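Under this note's numbering, think of the first position of the sequence shown as 2, with each following residue one higher.
Here a beta-carbon is modelled for each residue, glycine too, at the ideal position from N, C-alpha and C.
Small disclaimer: the values here were computed from a predicted structure and weren't measured.
Below is one structure, written out as C-alpha cells, with a few remarks after it.
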Amino acid sequence: MPKVLIIGAGGQIGSELTFKLKDIHGSENVVASDIGYHNLEVVNSGIFEIVDAQDYNSIKICVEKHNIDTIYLMAAMLSATGEKYPMKAWDLNMNSLFHVLNLAKDGFIKRIFWPSSIAVFGPTTPTENTPQHTIMEPTTVYGITKQVGERWCEYYHKKYDVDVRSIRYPGIISWKTMPGGGTTDYAVEIYHQAILDKHYDCFLSEHTELPMMFMDDAINATVNLMQAPAEQVKIRSSYNLGAISFTPLTISEEIKKHIPDFKITYSPDYRQQIADSWPKSIDDSAAREDWNWNHEFNLEKMTTEMLKQLGRKYQDSEINS
Ligand code: VAH
2 MPKVLIIGAG GQIGSELTFK LKDIHGSENV VASDIGYHNL EVVNSGIFEI VDAQDYNSIK
62 ICVEKHNIDT IYLMAAMLSA TGEKYPMKAW DLNMNSLFHV LNLAKDGFIK RIFWPSSIAV
122 FGPTTPTENT PQHTIMEPTT VYGITKQVGE RWCEYYHKKY DVDVRSIRYP GIISWKTMPG
182 GGTTDYAVEI YHQAILDKHY DCFLSEHTEL PMMFMDDAIN ATVNLMQAPA EQVKIRSSYN
242 LGAISFTPLT ISEEIKKHIP DFKITYSPDY RQQIADSWPK SIDDSAARED WNWNHEFNLE
302 KMTTEMLKQL GRKYQDSEIN S
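Next comes the structure, spelled out in C-alpha cells:
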C-alpha cells in the first residue's frame, strides 16, 4: 500500500485530506505532519510527526522513517497573510515545494500533490469562465508563488519525469477546521456568525463574486486526480477547478432561507483589492475531460450542510462546556 505523508495536515484542507486518505489507504499507511500540535484531532488520529516544510532534512527523515512514497504538500501561507509578510510567504511556499520536488527527482518519493489556486490569475485575466490557458499576472505574493510553483512543477515533470499533480483550488468552504489567512475565508466565517450572532460584518463588498467550492468536492477532486492513470493527467502545471460562484449578497440570501432574521453588513478592508484581482468563475472543462471531475454541492446544498453541521457542533460544545 502506498505510504502517504501529508505536510500541513493541521490546516483547513490538510486536516480533511488526512482523514479521507486514512479511509482510502488505512490509518497505518498515512502519516500526518505539521510544524506544531495545533490540530489535536489530527495529532490524536494516528501517526503524527513534527515536520518543518522549509527544512529539507526534516522532510527527508520523515520520508525514510516511514517509507513514504507519496507526499501531499498542503503547507502554505495564503493570500491575505501573504500580503502582510511577503518574504515569509515566498520562503514557505517556494522552499517547501523545491524540497518535495527534489526528493522526487532524487528518487526518495514517487508522487506529489501540490495545491495551486485561482489566485494565479490577476486583474488582466478574463474574469468570466476563466480558461485553463490564459494571461496570468497575479498581483498578490501568494498568487506569484502559485504561478511560479506551477512552472516548476511542469519543469520537473518534463525534465526529470517527476509525477507531480496539482489543482488550482477556488475558495474552499468547510465546517470542521477554520481556514486561516485567506481572502475567501468570509464564506466560512459567515456561517459561524449566522449561528452565533445572526449577524455578519463582511470584509468584502456585497457584489464581490468569487469561485468557491465545498470541501467534500475539493477532497474528492484531489483524490480523483491522484488516482487517475498518469496518461490521463495531461496538464502538469495545475488544473483549473471550479464549482459554484457567488457573492456575499447571494450567500446571505441563501442563509436567510434557514435563519430569516440573519443580517449582513459590509466593511470592505484590504482584502477587497485582492478579491477584485481574481476571476468570478472558472472553466474547468480540462479537469472534467481528463479525469472525470464533477462537483456535487451547489450553494443551496452547501448552505444546508454547513448550517446543519455547525449547528450540531455549537450545540455539542455548549453541552460539553
Ligand atoms: C485564499 N483560500 O483566500 C485561499 C484561496 C482562491 C483563494 O487560494 O487565499
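The ligand VAH heavy atoms versus the CB of residue 57: any closer than 7 Å?
Sequence index remark: in the sequence shown, residue 57 carries index 56 (1-based). The answer is no for residue 57.
Could you pull the start and end residues of the alpha helix (DSSP H) that residue 217 belongs to?
The residue given as residue 217 occupies position 216 in the sequence shown. Element bounds for residue 217: 216 to 228.
Could you give the uninterrupted runs of the beta strand (DSSP E) lying entirely in the region 25 to 102, keeping only those of 3 residues or more?
With a minimum length of 3 residues, the continuous beta strand (DSSP E) runs that stay inside the region 25 to 102 are 31 to 35, 49 to 51, 71 to 74.
Pull up the distance between the alpha-carbon of residue 237 and that of residue 166, whole angstroms please.
In the sequence shown, counting from the first residue as 1, residue 237 sits at position 236. In the sequence shown, counting from the first residue as 1, residue 166 sits at position 165. Computed Cα separation, rounded: 6 Å.
Write down every uninterrupted run of the alpha helix (DSSP H) in the region 96 to 173 whose length is 4 residues or greater and which is fully enclosed by it, in chain order.
142 to 161
For residue 278 versus residue 83, is the C-beta spacing smaller than 8 Å?
Numbered from 1 along the sequence shown, position 277 holds the residue referred to as residue 278. Numbered from 1 along the sequence shown, position 82 holds the residue referred to as residue 83. No, these two residues do not count as a Cβ contact at 8 Å.
Tell me whether residue 157 counts as near the ligand VAH, meaning its Cβ is closer than 7 Å to at least one heavy atom of that ligand.
As a position in the sequence shown, residue 157 is number 156, starting the count at 1. Every heavy atom of the ligand VAH is 7 Å or more from the Cβ of residue 157, so no.
Between the Cα of residue 308 and those of 205, 190, 214, spot the shortest distance and give me the residue it belongs to.
Numbered from 1 along the sequence shown, position 307 holds the residue referred to as residue 308. Among 205, 190, 214, the Cα nearest to that of residue 308 is on 190.
Please classify residue 148 as buried or exposed, where buried requires at least 16 other C-beta atoms within 10 Å of its C-beta.
Here residue 148 corresponds to residue number 147 of the sequence shown, with the count starting at 1. Buried, because 16 or more other Cβ atoms sit within 10 Å of the Cβ of residue 148.
What are the start and end residues of the beta strand (DSSP E) that includes residue 7?
Against the sequence shown, residue 7 aligns to sequence position 6. First-last of the beta strand (DSSP E) with residue 7: 5 to 8.
Does the Cβ of residue 88 have 16 or more other Cβ atoms within 10 Å, making it buried, or fewer, making it exposed?
Mapped onto the sequence shown, residue 88 falls at position 87. The C-beta of residue 88 has fewer than 16 other C-beta atoms within 10 Å across all chains shown, which makes the residue exposed.
Relative to the C-alpha of residue 1, which candidate in 216, 164, 121, 34 has its C-alpha closest?
No information on residue 1 is available, as it lies outside the stretch 2 to 322 that the chain covers here.
Should the region 232 to 248 be called in touch with the region 49 to 65, which here means at least 3 C-beta pairs below 8 Å?
By the Cβ rule, the region 232 to 248 does not count as touching the region 49 to 65, because fewer than three pairs are nearer than 8 Å.
Of the listed residues 24, 49, 93, nearest to residue 67 (C-alpha basis):
To locate residue 67, count along the sequence shown from 1; it is residue 66. The candidate whose alpha carbon is nearest that of residue 67 is 49.
So which of 306, 74, 275 has the shortest CA-CA distance to residue 138?
Start at 1 with the first residue of the sequence shown, and residue 138 comes out as number 137. Minimum Cα distance to residue 138 is reached at 275.
My output table needs one value for residue 204: the three-state DSSP class, helix, strand or coil.
Walking along the sequence shown from the start, residue 204 turns up at place 203. The answer is coil: DSSP assigns residue 204 none of H, G, I, E or B.
Validate contact between the region 168 to 183 and the region 5 to 21 using beta carbons, cut 8 Å, 3 pairs
yes
Look up residue 211 in the DSSP assignment and say whether it is helix, strand or coil.
In the sequence shown, residue 211 corresponds to position 210, counting from 1. Residue state, collapsed to three classes: strand.
Give a yes or no on whether the C-beta atoms belonging to residue 53 and residue 110 are separated by under 8 Å.
Numbered from its first residue, the sequence shown carries residue 53 at position 52. Numbered from its first residue, the sequence shown carries residue 110 at position 109. Not in contact: residue 53 and residue 110 (Cβ atoms no closer than 8 Å).
Any heavy atom of the ligand VAH closer than 7 Å to the CB of residue 322?
Here residue 322 corresponds to residue number 321 of the sequence shown, with the count starting at 1. It does not: the Cβ of residue 322 is nowhere closer than 7 Å to a heavy atom of the ligand VAH.
Report back the beta-carbon spacing between residue 241 and residue 285 to the nearest angstrom; my notes put them in contact at under 8 Å.
Counting from 1 along the sequence shown, the entry for residue 241 is found at position 240. Counting from 1 along the sequence shown, the entry for residue 285 is found at position 284. About 5 Å separates the beta carbons of residue 241 and residue 285, which is inside the 8 Å limit, making them a contact pair.
Closest residue to residue 187 among 135, 45, 157, 251 (Cα-Cα distance)
Here residue 187 refers to the residue found at position 186 when the sequence shown is read from its first residue. Among 135, 45, 157, 251, the Cα nearest to that of residue 187 belongs to 251.
Would you call the CB atoms of residue 19 and residue 44 closer than 8 Å?
Locating residue 19 in the sequence shown gives position 18, counting from the first residue. Locating residue 44 in the sequence shown gives position 43, counting from the first residue. In this structure, residue 44 does not lie closer than 8 Å to residue 19 by Cβ.
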